[in-house]
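Residue numbers (our numbering), protein chains in the order written: chain A, 7 to 258; chain Z, 7 to 258; chain X, 7 to 258; chain L, 7 to 258; chain B, 7 to 258; chain R, 7 to 258; chain U, 7 to 258; chain F, 7 to 258.
8 protein chains.
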Amino acid sequence: MRDTLEALESGDISVAEAESILAGYATTAAGRFDADRERRRGIPEAVLAEGKTPGETATLATTALETTGRALVTRADPAVASAVRDAIADAAPDATVEYDERTNAVVAHAVDFDPPSCSATVAVVTAGTSDAPVAGEAALVAHEIGSAVALIEDVGVANLDRLLDQVGRIREADVVVVAAGREGALPTVVAGLVDAPVIALPVSTGYGVGGDGVAALEGALQSCTVLSTVNVDAGFVAGAQAGLIARAIDGH
Amino acid sequence: MRDTLEALESGDISVAEAESILAGYATTAAGRFDADRERRRGIPEAVLAEGKTPGETATLATTALETTGRALVTRADPAVASAVRDAIADAAPDATVEYDERTNAVVAHAVDFDPPSCSATVAVVTAGTSDAPVAGEAALVAHEIGSAVALIEDVGVANLDRLLDQVGRIREADVVVVAAGREGALPTVVAGLVDAPVIALPVSTGYGVGGDGVAALEGALQSCTVLSTVNVDAGFVAGAQAGLIARAIDGH
Amino acid sequence: MRDTLEALESGDISVAEAESILAGYATTAAGRFDADRERRRGIPEAVLAEGKTPGETATLATTALETTGRALVTRADPAVASAVRDAIADAAPDATVEYDERTNAVVAHAVDFDPPSCSATVAVVTAGTSDAPVAGEAALVAHEIGSAVALIEDVGVANLDRLLDQVGRIREADVVVVAAGREGALPTVVAGLVDAPVIALPVSTGYGVGGDGVAALEGALQSCTVLSTVNVDAGFVAGAQAGLIARAIDGH
Amino acid sequence: MRDTLEALESGDISVAEAESILAGYATTAAGRFDADRERRRGIPEAVLAEGKTPGETATLATTALETTGRALVTRADPAVASAVRDAIADAAPDATVEYDERTNAVVAHAVDFDPPSCSATVAVVTAGTSDAPVAGEAALVAHEIGSAVALIEDVGVANLDRLLDQVGRIREADVVVVAAGREGALPTVVAGLVDAPVIALPVSTGYGVGGDGVAALEGALQSCTVLSTVNVDAGFVAGAQAGLIARAIDGH
Amino acid sequence: MRDTLEALESGDISVAEAESILAGYATTAAGRFDADRERRRGIPEAVLAEGKTPGETATLATTALETTGRALVTRADPAVASAVRDAIADAAPDATVEYDERTNAVVAHAVDFDPPSCSATVAVVTAGTSDAPVAGEAALVAHEIGSAVALIEDVGVANLDRLLDQVGRIREADVVVVAAGREGALPTVVAGLVDAPVIALPVSTGYGVGGDGVAALEGALQSCTVLSTVNVDAGFVAGAQAGLIARAIDGH
Amino acid sequence: MRDTLEALESGDISVAEAESILAGYATTAAGRFDADRERRRGIPEAVLAEGKTPGETATLATTALETTGRALVTRADPAVASAVRDAIADAAPDATVEYDERTNAVVAHAVDFDPPSCSATVAVVTAGTSDAPVAGEAALVAHEIGSAVALIEDVGVANLDRLLDQVGRIREADVVVVAAGREGALPTVVAGLVDAPVIALPVSTGYGVGGDGVAALEGALQSCTVLSTVNVDAGFVAGAQAGLIARAIDGH
Amino acid sequence: MRDTLEALESGDISVAEAESILAGYATTAAGRFDADRERRRGIPEAVLAEGKTPGETATLATTALETTGRALVTRADPAVASAVRDAIADAAPDATVEYDERTNAVVAHAVDFDPPSCSATVAVVTAGTSDAPVAGEAALVAHEIGSAVALIEDVGVANLDRLLDQVGRIREADVVVVAAGREGALPTVVAGLVDAPVIALPVSTGYGVGGDGVAALEGALQSCTVLSTVNVDAGFVAGAQAGLIARAIDGH
Amino acid sequence: MRDTLEALESGDISVAEAESILAGYATTAAGRFDADRERRRGIPEAVLAEGKTPGETATLATTALETTGRALVTRADPAVASAVRDAIADAAPDATVEYDERTNAVVAHAVDFDPPSCSATVAVVTAGTSDAPVAGEAALVAHEIGSAVALIEDVGVANLDRLLDQVGRIREADVVVVAAGREGALPTVVAGLVDAPVIALPVSTGYGVGGDGVAALEGALQSCTVLSTVNVDAGFVAGAQAGLIARAIDGH
């Protein structure tokens, strides 16, 4: 503890960093930020923009950057992304900030951020074009955790040839995330073809009864093969769980 | 009408037959039997035993036999089947009566019943062992309508090899019924492989959320291919709809 | 295969067409297009605009046109329709493009497209004015598959006279699609009157409990007659399934 | 009040009757019995046997008989019916007690009970054989309220001829209760044909999604005609509401 | 029939009126209008604007006015109301047109329209301020059918004094509609206090689980008293059913 | 800690008691028993018999008795109650054991158990006879926590007189639990009449849609007054929460 | 009563105040206001702006201010808040009016309003930043009832250290409200750590299946500890119930 | 292939083994057994006894034993277990057969079966006694896949001390399965404390709304930490997924 306090006194670290080290979290105007998550769990704490004001989101993002060297914001529409970018430009002008409109995610790295890396590979497989945003969120998170990520798109079961052509690539991965909406048959079919762990990522496509991803989620829960699942559109969770498994395989 | 009345007077037909011809149904102690259905729709009227007493079921079955030459009882447990058999033995000692315990169906034919026939083929495909009773009901009904029926069992997608080995046989059929429970991926995968009309038949296997066939039904409704569906465990409806299509193909 | 490659080398076909012929699909910036569907299943692959960006939709539509001679886009609002029209104007200036605002569908035909035809008739029946857009989608697809289509509107059961006046016309069809929202009684009543296969098409009218087409769908699933159903508002699926059956009846 | 107390003192009425007159209910070992309901609402208070022990049911039934001259017990299985019969035999040996096994209802009348009567007619219409028990409960209650009751059975819409043959009889009634399970189309079709108030009585037949009467209830709620509904299997409520309307028409 | 044709030939009635008289409905560009409903059922056919375009709604409204002397449009936002008003101004400049913004209903009467009248009274009772629009729709329809209508507002059970103060007025009515959202306790409490038939009208207030009127509807279905119900927000149906009962009481 | 260890060594306390004091729980063959709950929360730990074998239940009950001087088992059918009674007879022959068949609860007290007491009063109010078992569980638990309990039964809103007669007694209580099934209007009506905190206890009576206590729970959640609720049939939780509030009022 | 009438005659009180005193409510153009609630229940009547027009809300707020010295409006967006502020500025220029945009609540106090006070403390605990608005509503209401309120934010269970650091503060409170969305584990964990009554306040965060606060509410209902709950986002109800308990503890 | 055929001819392997090697499955009277699953996926194919007759289950179990050296039957009641034991005694008298009544699983090993082994550890954590059967199924399957399994029971969050005492042991595992019913808070709390991948296993305890494991599953889907889940009571799937991950970590 003394080291931390001395570093604070000497200005090497900020109050927020010191609080994060000592208490496991940093208290901000927008809430207590769980800065300790990465150390404790091996995955970055992300800021879910939904349900927060742009200001709260930006405050939490700058705290994340300050205390962990990285900020990850999900479900950020362009206005939120802009607020985050502005706040970081103020607080940490040297940091890099990237925003992906299709995925709605912001990633910022401090200038001295040292990204983790891991030799295990995560495959992110999609059934169709509409699955791209959610699958992209999963891929981004797995990448941030350090995994190599292979994106294999548009292999839905309506045309089995598309899938069979790609099975070889899917089999090369150590962990597989399969994103699909509508009836969600793809995770089950993929899980029958590979020996890596498969995580289903239901997507909120579809309409009518069973729409909004419900049929896809229930299909994952009822799968006659072995797989586990995350909630509808939970790209962050799927990518983080895959990244955790990849890290464990890699020996972290 | 005069012919019918004369036939009744001369004892060639019974009161129930006469009423069926003239009114389109026969009034019995257990309800009005829709004797006209076969003529009007091309499919036999079946007696659903659930929700009726064994006595009511037996009364309707004998009326069916008397007015259409055939009786078809579904969801009959052994006690009901026995009541039906006894009632038919009394009313029409020459009729044949068969009961299938796995399918829970009773089929009786009058001695002079002339079964319809149709050159088109219905394939009934199942994902696994638990789908057999419901698929059997569908096969039985399609057979009674006159279709040739091909039963192709246990080709669930957890092991694609089983399915790919049988695709040739499925493609030979004119109409395809695909019975599956759990996540119900099989109807979608089959419908992506054949050009015949596919009817999904969800089966009430599975447990937990989406169990009792709900996920399988929602999967059919959300299918990213083209198919239509019937309700969970509605083997009779799937088989009859397939039989109707087969008859139409055959030129009836 | 050599023929295809030679045609490509000589410029007779495009890369996308060659890939479609050899691989069964065409890889585009917006996903793999299942160009093979029509050959494999006898029905055109449609682009569902919902969940895709206008750009992705337009890319897939032009690929469809290029590889199959036809593009069919459903659930396209005017902005999407406009993007599709512009993209096709660029890529294939000779193609015809039609957009129906009530149905929200775009249909494009290449200048040398040879539409299929089929002598069997599909009747599309509606209960009321609000069912028109969904029923229109079904009619359009059945027409594109080659069927003759009879549209019989506003015969809901609240006034049986309207229906009984049209029964003769409905009975002339080889396959019947019945679109209805609210309580969805019409498919059941129609299926009791005709001997052609009936496909229920529930429509998302109605409010309160059972609204959004849920009661209509459950009514189709529970029907005391024989019919199969598609999901709520699934006009494309109903029309395609009817078209498939019509083709089978016609001997394709 | 003095009259009541004098009648009690002189033994002309029992403590329970006196309490009913003064307080509006009678306190028993099994709960407070709403003896005043008939006077206040014009309908007899019935004892719903479900959720009560046979002893509690019997106690409430004898109190009903003592304070109102009549007892009506619904959803009574044979064991409960027997307990009620025994308790009444002890408490009021002269009373008549009738039990209907199909309807599961017990009706008892004190020897001096003077049944109400009403010149308006209630039609109870059913779709099929399985609707009989629930419809029977409705008919019994309407009859106890004093209405003339016409039972018109088995006119489900799968065969419209059955219904059209009986429309004349249905139109003669002042109020119509329509019992139907499965897809529940009959209440809507009947309500389109008559000008009397129609009350839908959904029945818990059917299986799979929308089963247990849910589709039938939602169909009534979504009906494109004008009707009101009661809950699934609520025969007592439908019959009592119809009886109340009949009484109002009759000028009570 | 001859009379009708002669009237048409002589210009006394329009083609639509003639078709209505002969066929029971009028065929318009926006659908078949059930002009016969009032004669057949004693209630005016209303045009539900939801799910129709403003143009379709206006066409149906002018047809209603032309064939029945009256038009009733529900769920009309100001833009739809304006389209209806303009269309009627063109087609029938002498007609009166009224629009109520809170109820979202348009009522138009032809200059020679002779409104029905009925001596029985309908009470429309509400629990709170938010129930006013739906209750207003019910009151308007009952009034159009000819009933006297008493509106008794804001007597929710959270303060029983408000209700007990008004019980006398409610008891004077021949039929009672009770509109309530949230937990929907009011219909049950009112039905325990009066002997007229009570119709529950659940309103889509409330949030969270059981919100949107679901708890209120389920409360009506589960009521421990006797009442029937209509769907959530179905003011038209409740008012029409109450009007039908009032007419029957009045001896129509 | 030394005291505890010395008491264990000297045989004054058992191993289980010592473990409870030191670790906060006792490890048994049937699971870790939370012996510390009463000290920590002021409410006894109860053993829910559902989902456990009779042997497991009996083991946990004897551990409860040994470590806290009291055992409380809920949802115990007679066979489980008997197993508990036998196990306690073996382990603690001097303890008192009582079983209430209507409530399905077992209560055992060690010979030297000193029951808590509290001067605040809990009223347990019920709507009807069927609510008795669940209300009884609530009353029993509140009593075990030390509260005075007033049981006020059968005051459902179908007959308001019953309730208004008892309002005075309900107003005397410091905390009120209101048990009701069906539409569950009673908690709302009671909460409008008293100023003590009200806890709704929905009961699983009722059938059809909203049955099994669902409507009653949703009614509590949507109540237009102020109250909190527990789950359907959660008599233990309602009684314990009421007891906790009573203790707080009493100054514990 | 005479006093009230004399005060009215002399102008000391308004008609609305007089009516409130005599009838228990005040009749306004926007409904009957339950002015008596505070006296009867000890909690202020709040105006829920949802489902009312701005004008109705403002009318009810000014009536509240006039008859009880205070107005509390919840779920007021800025436009509604502005309408309320303007109306109060007209009717009671001396009153204070405050609006909190995050909580969407308006509080107005008459110049001579004497706020209640209570020595018991209510802790309002939140899991994360998104719970702030709903928790704020609860805190505001508890404060208005007179309780001391401690707000303890952002102690969700994903990082137990945050919670364990604050347990001491939570244990100091007499009543605890715990607001949490997503999986809603926090109320259960807190209730396992304190001996004060705990009220769960589920928040409508979360997406996919179980989203919109449903999982959080179900988690509260299923909690393995003792707590009661209010509906999703029902901050007013949770705060008022906590305030009622605090008042009872304080000896009111 | 020649090797296989020669082995068959020489009697070294059976027809079923030969078919399994060549086709990937073995055709039996009870269905096609996926003998290839272990090779393809690294997990044994289990026979789910639910929905199959005892005879079908026994046939599939003996085929499993014959073709893979091992049989694993889940959800087997004693009668099914007995049928399996008898069938194996006939077909492979030297095999070992074990049945666990609490877990309802049968495991049989051929005499020469060589069990896989893996150095990674799976922790199976439970919240309470009722979770034991489902957790036991997970533990058994993980063990059969070769993992070391640590069972850590009864650490539900109602008493955090129980959990904190065991955190060290949980942190030693490479993969963690957390079984919990009721509100299912434990998986979320555990996932906040460890850095291994966590798989939630919801258990069907609990009653009322959210019962049967629904709240526990939704809690896992909504978890504010990172975890994936399987369906309610899917012990086999959770154990197999954990075993797959353990194998991947171990370098298979």
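Note that CB positions come from ideal geometry on N, CA and C, so glycine has one too.
query: Rounded straight-line distance, which links the Cα of L192 of chain B to that of G57 of chain U; result: 18 angstroms
query: Interface residues of chain A facing D83 of chain X [CB-CB closer than 8 angstroms]; result: Those do not exist, as D83 of chain X stays about 15 angstroms from chain A at its closest Cβ, beyond 8 angstroms.
query: F195 of chain X to A164 of chain L span [Cα, whole Å]; result: Note on residue identity: the sequence assigns Val, not Phe, to residue 195 of chain X. Looking at the two C-alpha atoms, the distance is approximately 6 angstroms.
query: Contact set for T231 of chain U: own chain, Cβ-Cβ below 7 angstroms, skip 5 residues either direction; result: T194, A197, G198
query: Where V236 of chain A meets chain C, residues with beta-carbon distance less than 8 angstroms; result: Considering every chain present, this structure includes no chain C. Its protein chains are A, Z, X, L, B, R, U and F.
query: Simplified DSSP assignment, three categories, for G190 of chain X; result: coil
query: Contact check, S153 of chain R vs A240 of chain R, beta carbons under 9 angstroms; result: no
query: Per-residue contacts from I255 of chain F into chain A (C-beta, under 7 angstroms); result: A254, I255
query: Span of the beta strand (DSSP E), counted from its first residue to its last, around P208 of chain R; result: 204-208
query: Own chain residues within Cβ distance below 8 angstroms of R168 of chain U, not counting five before or after; result: D160, V161, G162
query: Runs of beta strand (DSSP E) lying entirely within the segment 108-169 of chain F, each at least 3 residues, in chain order; result: 111-115, 127-132, 154-158
query: Where A254 of chain Z falls: helix, strand or coil (DSSP); result: helix
query: Cβ neighbour criterion (16 or more within 10 Å) applied to L223 of chain B; result: buried
query: E25 of chain F classed as buried or exposed, judged by whether at least 16 other C-beta atoms fall within 10 angstroms; result: buried
query: Where the segment 122-149 of chain X meets chain B: residues whose CB sits under 7 angstroms from a CB there; result: G134, T135, S136
query: Beta-bridge pairing of G1 of chain L - partner residues as DSSP gives them; result: Residue numbering for chain L in the displayed model covers 7 to 258; residue 1 of chain L lies beyond these limits and cannot be assessed.
query: Exposure label - P84 of chain B; buried when at least 16 CB within 10 Å; result: exposed
query: Helix, strand or coil at A77 of chain B [DSSP, three-state]; result: strand
query: Start and end residues, alpha helix (DSSP H) containing E224 of chain X; result: 220-227
query: Cβ-based burial, R8 of chain L [other Cβ within 10 Å; buried from 16]; result: exposed
query: Proximity of I151 of chain B and I49 of chain B at Cβ, strictly below 9 angstroms; result: yes
query: At least 3 beta-carbon pairs within less than 8 angstroms: the segment 124-142 of chain R vs the segment 172-183 of chain R; result: yes
query: Distance between A29 of chain L and A22 of chain U (C-alpha atoms, nearest Å); result: 36 angstroms
query: Residues from the segment 157-168 of chain R in contact with chain L, defined by Cβ distance under 8 angstroms; result: E159, D160, V161, A164, N165, D167, R168
query: Identified DSSP bridge partners for L54 of chain X; result: X:T80
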